[in-house]
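Asker: The first sequence maps to residues 19 to 151 in our numbering. Ideal Cβ placement from N, Cα and C applies to all residues, glycine included.
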Amino acid sequence: METRGAGTESEAGQSIGALARQLGLTTRAIRFYEDKGLLTPRRVGQRRLYGPRERVRLQLIQRGKRLGFSLAEIREILDIYDESQDESAQLTHLVEKIAERRASLLAQRRDIDLTLDELDQLDTQCQALLERR
DNA sequence: CTTCTGACA
DNA sequence: TGTCAGCA
């Protein structure tokens, strides 16, 4: 048999604390995601129990955040992720979200470039004024 | 000691 | 999302 010195979890699922440590999150964040409807851990009394399902979802949430998706968007993707028997449905939705995110980033890049150009113009004017002194 | 809910410098 | 409180 195997001994668990630190005593982290059981077959039924792991505690919020153990899961948080494993995924590098705070228990606060995990509960926060639950409040936002991204997670629905089983309950044993008041205690939350997280199975493989929740663990996978948490990792998908982390990745979604890295890619810049809002929790609301991640929830949409996640909802379809398990409700659709047909995987093509979720993939189609995900592709749409990816396109949106890409468009958003491109728009931001455009704004940044515009601002940079204005800054360059202003800088040039200032330099010219300085030269004439 | 760990978790839970609710509130908020 | 962090943190603190007051319980269980």
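State the Cα-Cα distance for the pair K54 and L89, rounded to the nearest angstrom.
Answerer: The alpha-carbon atoms of K54 and L89 are separated by roughly 8 Å.
Asker: Three Cβ pairs or more, each shorter than 8 Å: is that satisfied between the region 103-119 and the region 131-146?
Answerer: These segments do not touch.
Asker: Helix, strand or coil, according to DSSP, for R61 in the structure here?
Answerer: Reduced to three states, the DSSP call for R61 is strand.
Asker: Does DSSP put R73 in a helix, in a strand, or in coil?
Answerer: Helix, per DSSP.
Asker: For Q108, report the span of its alpha helix (DSSP H) as first-last.
Answerer: It spans 105-149 - the alpha helix (DSSP H) in which Q108 sits, taken as one unbroken run.
Asker: Pairs of beta-carbons, one from the region 124-131 and one from the region 71-91, closer than 8 Å: are there three or more?
Answerer: The answer is no - the region 71-91 does not touch the region 124-131, with fewer than three Cβ pairs under 8 Å.
Asker: To the nearest angstrom, how far is the alpha carbon of A38 from that of D131?
Answerer: So the two alpha carbons sit approximately 39 Å from each other.
Asker: Comparing alpha-carbon positions, which option in I116, Q80, E29 lies nearest L6?
Answerer: With the chain covering only 19 through 151, there is no way to say anything about residue 6.
Asker: Hey, quick one: how far does the alpha helix (DSSP H) through F87 stretch, first residue to last?
Answerer: Premise fails: F87 is in no alpha helix (DSSP H) and is neither H nor E.
Asker: Rounded to the nearest angstrom, how far is the Cβ of L67 from that of R75, given a contact under 8 Å?
Answerer: Actually they do not touch by this definition, with Cβ atoms about 14 Å apart.
Asker: Grab me the residues of Y51's own chain with a C-beta within less than 8 Å of its C-beta, minus the 5 sequence neighbours each way, in chain order.
Answerer: Correct list, in chain order: L57, L76, I79, L89.
Asker: Since K115 and I95 are thought to touch, with beta carbons under 8 Å apart, how far apart are those beta carbons, to the nearest angstrom?
Answerer: So it is a contact: roughly 6 Å between Cβ atoms.
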